[in-house]
Amino acid sequence: MKPLTIADSATIILGLQDEIRRTEESRYDHRLHGVLLVAHGMTCPEVAALLGDAPRTVEYWIRGFEENGLAALREGERSG
Numbered sequence: 005m006k007p008l009t010i011a012d013s014a015t016i017i018l019g020l021q022d023e024i025r026r027t028e029e030s031r032y033d034h035r036l037h038g039v040l041l042v043a044h045g046m047t048c049p050e051v052a053a054l055l056g057d058a059p060r061t062v063e064y065w066i067r068g069f070e071e072n073g074l075a076a077l078r079e080g081e082r083s084g
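In the working numbering, the protein residues as written are 5 to 84.
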């Protein structure tokens, strides 16, 4: 089977990442996917590169999930 490609993928990737970060619910889903990928054996840097986040961010999600479960992936109040 011939692999499928997306024209102008660099621009499309940026647009999709913006869309993912647009709502609280989509950001939660994004973090869920990150945890799922680590659970499947990917490293935090691999997940970060795939999802467009910093490795440290993915590590933060994993630590929070390990300590507090799914609740840690929901957005709480932010300072500042």
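The beta carbon of each residue, even a glycine, is placed where N, CA and C say it ideally should be.
Within a 10 Å sphere around the beta-carbon of A11 sit fewer than 16 other beta-carbons, which makes this residue exposed.
The residue among E23, T61 and Y32 with its C-alpha nearest the C-alpha of L77 is Y32. Under the criterion of beta carbons closer than 8 Å, A75 and V62 do not qualify as touching, at roughly 18 Å. Within the same chain, Cβ atoms closer than 7 Å to the Cβ of A58 are found at A52, the five residues on either side in sequence being excluded.
In this structure, G38 lies near W65, with their beta-carbon atoms less than 8 Å apart.
Residue burial is scored here from C-beta neighbours: R25 has fewer than 16 other C-beta atoms within 10 angstroms and is therefore classed as exposed. For the pair F69 and E23, the Cα-to-Cα distance works out to about 24 Å.
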